[in-house]
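Encoded as structure tokens, the structure appears first; notes follow it.
Residue numbers (the working numbering), protein chains in the order written: chain A, 1054 to 1166; chain B, 118 to 229.
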């Protein structure tokens, strides 16, 4: 596709539910990033994939957060047993290589009630 | 102390004026510096990057980097109402690995 595609755009979950957020990066981009953006804040790094390899997951806030990119293209961010503090916009970005030249998707807004 | 600091604003400038957005960072080893623009309800988009001390110009935008002072700025000349957005400063270096460290952003309002 022309850009990074994320789904769902909006997700409302009850506390304790599991959620899965999908990202389809720009074709040919080997690098894929997940960021979390709380209201009024800048994006915070969660994890990084180079092709199918997860090279950095240092930003994942807890073991409830899990990300995968099994075939080096589409990625899924899974949050288990959601908590209210997980409410945020989850941004996926892909890059042809450099860590800073990111192309962001429109984000998935998660609201945990 | 957050690694990347920005004044949250809002910074209000009249149409046609120069808008000056500033950012400081704490990691002296930082090597790459980026400015992203984020419209309300939208995702960030890259508008400029700079790696070397000095100025880098791209159309109405000029990025300025001073590594000794750990300071990076973005100037927007001939500001337009369509420039009204939040501007995010982001920094990367050996100590941040693959992560891009973002500031909170500065809200810019260009008034007609």
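We treat Cβ as the ideally placed atom computed from N, Cα and C, and that holds for glycine.
Computed from a prediction, not measured in an experiment: that's the story for all the values here.
Can you tell me where the beta strand (DSSP E) with residue 225/B in it begins and where it stops? 223–228
Would you mind working out which of 1094/A, 1115/A, 1082/A and 1104/A sits nearest residue 1134/A, comparing C-alpha positions? 1115/A
If we require 3 or more residues per run, which beta strand (DSSP E) segments fall completely within the region 190–224 of chain B? 202–209
Give a yes or no on whether the C-beta atoms belonging to residue 149/B and residue 1153/A are separated by under 8 Å. yes
Any C-beta of chain A sitting closer than 8 Å to the C-beta of residue 221/B? yes
Listed by chain order, chain B residues near residue 1109/A by CB distance under 9 Å: 214, 215 and 216
For the beta strand (DSSP E) holding residue 171/B, just list the boundary residues, first then last. 171–175
Which value, in whole angstroms, describes the spacing of the CA atoms of residue 1140/A and residue 159/B? 17 Å
Spatial neighbours of residue 1128/A within its chain, please: C-beta separation below 6 Å, excluding the five flanking residues on both sides. 1076, 1085 and 1122
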